[in-house]
């Protein structure tokens, strides 16, 4: 059995800054604070981002405040997406469509987005139907824990015999590479985010590509014996 887990932002789609807009709006609406730009968001989980924002702005990093922040973020996210010019990245639809047609291959997500935020983003770009399950950033501060969640979810679908070396993680940041290694998975680093292929290569992924446009090659690589 083969499992391919995709990051979202910078790997599958670009939102044109909508995610950052929604973070800013939620921070202002719930806590009267301005500025999410003090916190690095690339490759982070939403829960981890919120924790950093809370600490930076002197807000208690409690579950109650997280739930407030998440609800406000999810409320504004659809409007933020509609207001920005984003896109599905090259090769994505072809690749995931090919993978879904291959026997004994499961396509999922490994993303720092909260589950509902992931659904909203992918539905906005009409690609949500391709992803059956995943690991998400609702609870985990660290990306490695999201990877472990995705691994557990994959095993509930295909059985406990699923080997880590039959899992591929596809992402655009060093954190995607690191979390793949945390579960013993293989990883493709894609240079469509804020890191160049050369920068990603220094973190020693199994494969580095400029983008996902060579869907046939990648699908074959993900499902080779």
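In this note's numbering, the protein residues as written are 1216 to 1440.
In this text, a Cβ means the ideal position worked out from N, Cα and C, and glycines have one as well.
Assuming residue i contacts residue j under a Cβ cut-off of 8 Å, what Cβ separation, rounded to an integer in Å, is found between them?
i            : j            : result
residue 1271 : residue 1244 : With a Cβ gap of about 17 Å, residue 1271 and residue 1244 do not count as contacting.
residue 1384 : residue 1325 : 6 Å
residue 1354 : residue 1289 : Rounded, the Cβ-Cβ distance is 15 Å, inconsistent with contact.
residue 1358 : residue 1258 : 6 Å
residue 1306 : residue 1416 : 20 Å between Cβ atoms; not a contact.
residue 1269 : residue 1275 : 7 Å
residue 1352 : residue 1328 : 6 Å
residue 1241 : residue 1287 : 4 Å
residue 1321 : residue 1237 : Not a contact, Cβ separation roughly 30 Å.
Between which residues of its own chain and residue i is the CB-CB distance below 7 Å, once the five residues before and five after are set aside?
i            : result
residue 1232 : 1299
residue 1356 : 1260, 1262, 1263, 1266
residue 1437 : 1217, 1219, 1314, 1383
residue 1251 : 1235, 1238, 1239, 1242, 1268
residue 1281 : 1262, 1265
Along the beta strand (DSSP E) that carries residue i, what are the first and last residues, could you check?
i            : result
residue 1221 : 1217-1221
Starting from residue i, follow its DSSP beta bridges and name the residues at the other end.
i            : result
residue 1404 : 1386, 1423
residue 1321 : 1218
residue 1228 : 1224, 1303
residue 1327 : According to DSSP, residue 1327 bridges with nothing at all.
residue 1350 : 1325
So, for residue i: in the same chain, excluding its five sequence neighbours on each side, which residues have a beta-carbon less than 6 Å away from its beta-carbon?
i            : result
residue 1412 : 1406, 1423, 1425
residue 1220 : 1323, 1325, 1365, 1384
residue 1386 : 1222, 1226
residue 1256 : 1264
residue 1246 : 1274
residue 1295 : 1233, 1236, 1237
residue 1390 : 1258, 1358
residue 1403 : 1385, 1422
Excluding sequence positions up to five away, which residues of its chain have a Cβ less than 8 Å from the Cβ of residue i?
i            : result
residue 1419 : 1392
residue 1374 : 1216
residue 1342 : 1227, 1228, 1303, 1307, 1308, 1311
residue 1449 : What the structure shows of the chain is the stretch from 1216 to 1440, and residue 1449 is not part of that stretch, so it cannot be assessed.
List the endpoints of the continuous alpha helix (DSSP H) containing residue i.
i            : result
residue 1414 : 1412-1416
residue 1257 : Residue 1257 -> no alpha helix (DSSP H), and no H or E assigned at all.
residue 1271 : 1261-1272
residue 1345 : No alpha helix (DSSP H) holds residue 1345; DSSP gives it neither H nor E.
residue 1377 : Looking at the DSSP string, residue 1377 is not in any alpha helix (DSSP H), and its letter there is neither H nor E.
residue 1291 : 1278-1298
residue 1245 : 1233-1246
residue 1431 : 1430-1438
Is residue i a contact residue of the ligand COA, with contact defined as CB to any heavy atom under 7 Å?
i            : result
residue 1365 : By its list of ligands, the structure shown contains no ligand whatsoever, and the ligand COA lies outside what it can speak to.
Against chain D, does residue i count as a neighbour if the rule is that its beta carbon must be under 8 Å from one of theirs?
i            : result
residue 1393 : Of the protein chains in this structure there is only one, and it is not chain D.
### Query
Is there contact between the stretch 1309-1323 and the stretch 1342-1351, where contact requires at least three CB pairs shorter than 8 Å?
Contact holds: three or more Cβ-Cβ distances are below 8 Å.
#### Entry: the stretch 1328-1343 in contact with the stretch 1221-1231 per 3-pair CB rule at 8 Å
Yes: the two stretches touch, three or more of their Cβ pairs being nearer than 8 Å.
#### Entry: Three-pair Cβ contact test at 8 Å for the stretch 1393-1401 versus the stretch 1360-1375
At 8 Å Cβ cutoff, the stretches touch.
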